Amino acid sequence: MSILASLQKSTIESLEALFGQSFTEKDFQVNQTKPEFEGDYTVVMFSLVKSLKQSPDAIGNQLGEHLTKNYPQLFSAYNIIKGFLNLSVADSYWLTLLQEQYNDICFGKQPISGKKVMVEYSSPNTNKPLHLGHLRNNFLGWSVAEILKANGNTVLKSCIVNDRGIHICKSMIAWEKFADGKTPQSTNTKGDHFVGEYYVKFNDEYKKEIATLVGGGMPAADAEKEAPIMKATQQMLQDWEAGKPDVIDLWKKMNGWVYEGFDITYKTIGSDFDKMYYESNTYLLGKDIVQTGLDKKVFIRKPDGSVWIDLTADGLDEKLVLRKDGTSVYITQDIGLAQQKWDEYNIDKSIYVIGDEQNYHMKVLQLICKKMGVPYADDIHHLSYGMVELPTGKMKSREGTVVDADDIVAEMENEAKQKTEELGKVKDFAQNELSALYHTIGLGALKFFLLRVDPKKKMIFNPEESIDFHGFTAPFIQYNYARIKSVLRKNEFIKDKSIGTNFLPLEKELIVSLERYGSVIGEAANELNPSAIAIYIYNIAKTFSSFFAEHSIANAETEEKKQLRLYLASMTANVIKSGMQLLGISVPERM
RNA sequence: GGUCCGGUAGCUCAGUUGGAUAGAGCAUCAGCCUUCUAAGCUGAGGGUCAUUGGUUCGAAUCCAAUCCGGAUCACCA
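Residue 224 in numbering that gives the first Met the number 0 is what sits at position 225 of the first sequence, and the numbering runs on without skipping anything.
Next up, the structure:
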């Protein structure tokens, strides 16, 4: 049990003993004590004043007295300032914690609870390479999955690949028209980048054709539909759906190129999946559910044959679920795929990591599920994250204004290489060790940069300014980890040696922070928010860094102090490594 | 226009769900390497928490109105 939970429990027991009423942890608030006051945790008295009809200080005195007298193993002292009861946790509590946990790599994590969660993330299109926005999605999804695991859930990572549709046909048409038989191999280009070039080519050509038509006097709206390359693309989509062999062959060939490219990127950034869904397999799903919905009168069929759901009563609009020709739309397959996930895996919760531009869509999906009365409707959760934008605005693959994923990773690794060489601390590393280190630092800095902010906030990335390696960054945390490991390599624990009986302020601050790790994992899991972990780990590293500058471990005043500090350092290293792992960031033994 | 999200230091962001004098990093300035890794440490300056009103012991946090920015409201996905 965490010290916070113990404090809540003992406070309830004390209040009940003192005042003969029953209480819950919601009747009072517990905070960490501000550094300018004496104590570790603070119980705020004001909320108790009304029901107890006594002054805050009077209640605080009785409670503080009762807690220190009856729970001496937990609390050693108290003071009251303006209605805040500040409690000092007994040093023996922290010392015991340290002795028991200093070398436990599972510290803070929950045992398996049996809950099964699916996290869908990444969801790429097979007509272009991944960009910085996809990286935010990938890092978030992967990290949330790890955080949920650490909190006791069984997690399945899934991915729906957007591998068919008009946008895929666009790059296919452009390749047919302009490539002259070129391939990724013949041009020595990564497959996803190769295909992406033709997606851009399509749009260039499409714009030209529109301009010509408009120049000839056609209204712009008509020109968009009448442009020959667009008509050819639409014909190709129909041929694809009809299964025309040469189109299918081309589709398979070009998707194959993209997958070869994606495999490399996913391997580099450390994304993995337990289950792949392909839209080419799922796009017909959901049609039978629409029929059920019609029978249940959840959906309505209009005279032209199209099927709709009326969500105006819920503050939304009428939404199409089936076209008049009977073909399905985006939401139709999502309804079907949601069902399939439950049928296949018997999951308790389904999390979709999707950008906030699709908030409306996901709301509609959930509402439809509710109205259909499916049992999992409330267990669908949209983890909505903000877009990554450039100072000039949104990134657009069509127009080539994107920060490419492969490029930015390579740049970060290169940056790591330069800085490492400047510092010259690892001159004895072999070449493969060096490249591994650059990867760890460069990718770590990038992941941390994208994960340290609240997911739901949009973020602006300025390619002109390089991502920092100092301060609130992964390299700073990694650096502190490496410093600890260095100390631990040079100084051995002494068996059965006592670790003394008290703490200096920075030692205390560190152990109090370390103790909170489990609670932080719990919070991050509840809120699906990796930034909670990032901020916490950074603060641990920062506290350690101050401590490290202030006090010597190797030359501590006494053997006891040295042992205590070695334990503290060891536990700090474990928590840093564990927390960074939840973010998908590894930590080097040296740097 | 409807719905939703956001506005905190020059910049990028925290702010424990209503608690004590609003905190970090970057940038600026001043110190600190003959001792465990200076990708570091210590200190300084920097704030009308968009604005106005309300709720109460107490508001950056909750409510209302207003201003500004963004997303979305396709027989696209």
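We put the CB at the ideal spot given by N, CA and C, even for glycine.
Note that this is a predicted model, so its numbers are computed, not measured.
In the structure shown, M590 adopts coil according to DSSP, grouped into three states. Contiguous alpha helix (DSSP H) elements confined to the stretch 448–503 occur at 473–489, taking only those with 4 or more residues. Each residue's CA atom was taken as its position, placing D347 and Y375 some 8 Å apart.
Secondary structure note for C158: its beta strand (DSSP E) is the uninterrupted segment 153–160. Relative to the Cα of N60, the nearest Cα in the group S530, S46, F83, Y70 belongs to F83. Cα atoms of Q98 and I146: separation of roughly 26 Å, rounded to the nearest angstrom. In the structure shown, R135 adopts helical secondary structure according to DSSP, grouped into three states. About 5 Å separates the beta carbon of P128 from that of H192, a gap short enough to meet the 8 Å contact definition. Restricting attention to G190, H438, F502, V387, the CA atom closest to the CA of P474 is found in H438. DSSP lists T400 as the beta-bridge partner residues of K395.
Per the coordinates, the alpha-carbon of Y516 lies some 11 Å from the alpha-carbon of I2. Under the three-state reduction of DSSP, S46 is assigned to helix. If you ignore the 5 residues before and after I379, its C-beta comes within less than 6 Å of the C-beta of S349, Q365, all in its own chain and listed in chain order.
With a threshold of 16 other beta carbon atoms within 10 Å, K33 falls short and is exposed. CA-to-CA, the gap between Y197 and A173 works out to about 5 Å. In the three-state reduction of the DSSP assignment, V352 falls in the strand class. Inclusion of I536 and M579 in the CB contact set at 8 Å is warranted, their separation being smaller than that value. In this structure D273 is in contact with K156, their Cβ atoms being roughly 5 Å apart against a cut-off of 8 Å. Per DSSP, D309 is one residue of the beta strand (DSSP E) stretching across 306–309. Distances from the CA of L51 to each of H166, D309, L14, L389 were compared; the closest alpha carbon is that of L14.
Assigned with DSSP and collapsed to three states, R515 falls in coil, not helix or strand. When the alpha-carbon of V199 is set against those of K181, A219, F177, T182, the nearest one is in F177. The C-beta of R564 has 16 or more other C-beta atoms within 10 Å across all chains shown, which makes the residue buried. Its Cα nearest to that of L284, the residue T326 stands out among D248, L310, G470, T326. Judged by their CB atoms, L73 and V42 are not nearer to each other than the 8 Å cut-off.
Remark: C-beta atoms of Y566 and I483 do not approach each other more closely than 8 Å.
Per the coordinates, the alpha-carbon of A404 lies some 21 Å from the alpha-carbon of Y351. The shortest C-alpha to C-alpha distance from I330 to any of E317, D342, W341 is the one to E317.
For A210 and H166, the gap between their C-alpha atoms comes out near 21 Å.
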